[in-house]
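Structure first, then comments.
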Amino acid sequence: MSSNILAEGVLEALSLLISMDSYVLDIIAVSLQVSGTALVLAALIGIPLGAFLGLTNFPGKALVTALLYTGMGFPPVVIGLFVFILLSSSGPMGSFGWLFTPYGMIMAQSIISFPLVAGFTMTAVMGVDKNLIQQLKSLGATKAQATLATLKEARLGVLVSIIAGFGAIISEVGAVMLVGGNIEGATRVLTTAIVLETRKGNFGIAIAFGIILLTIAFIVNFTMLRLQNKELRGNE
Amino acid sequence: MNEEFTYKMENISKTYARKTVLQVENLNIKKGEIFCLVGPSGAGKSTLLKLMNFIETTDTGHIRFLGKTYGPSQVPPLNLKREVTTVFQRSALMTTSVWNNVIYPLKIRGKKIDENEMKRIEKILDDLGLLKLKSRRADKLSGGEAQRVALARAIVFRPTVLLLDEPTANLDPANIHIIETIISKYVQEVDSSIVMITHNIFQARRMADRIALLHKGKVIEINSKNEFFENPHEDVTKDFLSGRIIF
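If you read the protein sequences in the order shown, they are chains A and R.
3 is the number of the first residue of the first sequence in our numbering; add one for each residue after it.
41 is the number of the first residue of the second sequence in our numbering; add one for each residue after it.
Okay, structure coming up:
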């Protein structure tokens, strides 16, 4: 029975993709648009923040780091609730009119993924040999030049931070459901479509969306892994 | 700039966690000499090198460097600071090619690498037996190769002062020979000063023009190489040379 549903799902996914079904393509486009934009924003905030935390010491750093680690494990649905309240008509950002729009979803997903990007970047930067920084300064590097070189050294970890950030938001359902409202053609993404189709009993379509979601996640991770392997191998 | 000395240090000291690790009354480094610092572990040799490279600043006294004087917490401007560099005992290289590591000091100085410059750098690599490895990732090198890359990137920008913190510790005789040869050649070619910490008194005998013995943060004796080994003035030096002071 279950294997039949799975086979049907695979066939339906293929058929939907081959026929370039506009309903499916729209959902894929919204998913990539929302999560892609959110990831770019998260990287713009998270990478500099992580680098700063990894390279400097200041009073209260332990507290900021603890907050960041808490953010890394924060339930997305709670962030969704928080953003929902912020964007609701009576909330402080209600005048923006972002509730039930992709903007609200981007905001929620950025908040979900930036602690991951910042946290992994911080760990990567802290892992760079401290002797290297001292030796580059001894060679005449300014503080800014040494910092740039350190970030380059930590590039593998920064790459991992981006993979982790993307993985967390492309597969996330709670926040986008709350903030986006799962409106067809506007805020419906792969995860919320899976929930909807499952509830309607359309297991085939739901599985099709699941396969598409997994494929996207696989392609992204595989590409990143290829880059990582290339980086690790280097010139022998 | 036409001074006989690259460094003139007077009454300098450094204290960490209330412990004074270095206290030097007078120490001068001449232009064009190889000056070796010897002494047991914890004598303050590496601290002295850090002060000379302005990685750390002195707590008291002053350091006259290339004609200008720097007191506690004072460092030279970037252009003068860039006249000195250190090769450390354990070299840390960037995870990129040997070539990129070697040209890094030139890049951060905004120097363009034209054809002549490229030939000059390749000559340095060739002298150090690294030319064939120039495209190799630096993190894939052996310890001896990595140390030679560290020396190449230090001399590529022709610093006036080259500080060496046990540059050949744990290296095999072949690598030691290559590094010593290049250091001797460099001091003649560039009219620079070289200050080298070594635990190997045979190396000090081979390389040094003058030698200083540091013990418990103080300079015990400074002498020409021959005097230091043949006719040491201080009892501590005699004990050190006879192995009665453990490294």
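Beta carbons are placed, not taken as given, at the ideal position from N, Cα and C, and that holds for glycine.
Item, Value
"What is the residue span of the alpha helix (DSSP H) that Phe122 of chain A lies within?", "Pro104 to Met128"
"Of all Cβ atoms in chain A, is any one closer than 9 angstroms to the Cβ of Met41 of chain R?", "With a pLDDT of 46 at Met41 of chain R, under the threshold of 50, the modelled position of that residue is not reliable, and no figure is offered here."
"Spell out whether any CB of chain R is found under 9 angstroms from the CB atom of Asn6 of chain A.", "no"
"For Met41 of chain R, name the three-state secondary structure that DSSP assigns.", "The predicted model places Met41 of chain R with a pLDDT of 46, which falls under 50 and marks its position as unreliable; any figure quoted below should be read in that light. Reduced to three states, the DSSP call for Met41 of chain R is coil."
"For Gln63 of chain R, collect the residues of the same chain with a Cβ closer than 7 angstroms to its Cβ; drop the 5 residues on either side in sequence, then sort them by chain order.", "Ser53, Gly257 and Lys258"
"Cα separation between Met41 of chain R and Ala244 of chain R?", "Summary for Met41 of chain R: the model assigns pLDDT 46, below 50, so the residue's position carries little reliability; its value from the coordinates is reported in the next sentence. Between Met41 of chain R and Ala244 of chain R, the C-alpha separation is close to 29 angstroms."
"Return the residue from the list R:Gly183, R:Glu155 and R:Val189 that minimises the CA-CA distance to Leu170 of chain R.", "R:Val189"
"Which runs of the beta strand (DSSP E) at least 3 residues long sit entirely within the region 190-249 of chain R? Give them in chain order.", "201-205 and 233-237"
"Tell me the DSSP bridge mates of Val64 of chain R?", "R:Ile52"
"Tell me, which residues are paired with Glu261 of chain R by DSSP?", "R:Leu253"
"Go to Val79 of chain A, then tell me how far its alpha helix (DSSP H) extends in each direction, as first and last residue.", "Pro78 to Leu89"
"Give me the Cα-Cα distance between Ser81 of chain R and Thr60 of chain R, rounded to the nearest whole angstrom.", "15 angstroms"
"Closer than 8 angstroms, Cβ to any Cβ of chain R: which residues of the region 123-141 of chain A, in chain order?", "Asp131, Asn133, Leu134, Gln136, Gln137, Leu138, Lys139, Ser140 and Leu141"
"Roughly how many angstroms separate the alpha carbons of Asn266 of chain R and Gly79 of chain R, rounded to a whole number?", "17 angstroms"
"Roughly how far, in whole angstroms, is the beta-carbon of Ile262 of chain R from the beta-carbon of Met247 of chain R, given that I think they are within contact range, below 8 angstroms?", "With 8 angstroms as the limit, Ile262 of chain R and Met247 of chain R do not qualify as a contact, their Cβ atoms being about 16 angstroms apart."
"Using 10 angstroms around the beta-carbon of His273 of chain R, count the other beta-carbons present and answer buried if the total reaches 16, otherwise exposed.", "exposed"
"Tell me which residues of the region 102-123 of chain A have at least one Cβ-Cβ distance to chain R shorter than 8 angstroms, keeping chain order.", "none"
"If you reduce the DSSP assignment to three classes, tell me which class Arg188 of chain R lands in.", "helix"
"In whole angstroms, what separates the C-alpha of Ser131 of chain R from that of Thr225 of chain A?", "33 angstroms"
"Quick check: what's the CA-CA separation for Ile213 of chain A versus Ala195 of chain A?", "12 angstroms"
"Does any residue of chain R have a CB that is nearer than 9 angstroms to the CB of Gln147 of chain A?", "yes"
"Measure from the C-beta of Lys154 of chain A to each C-beta in chain R and report whether the shortest distance is under 9 angstroms.", "yes"
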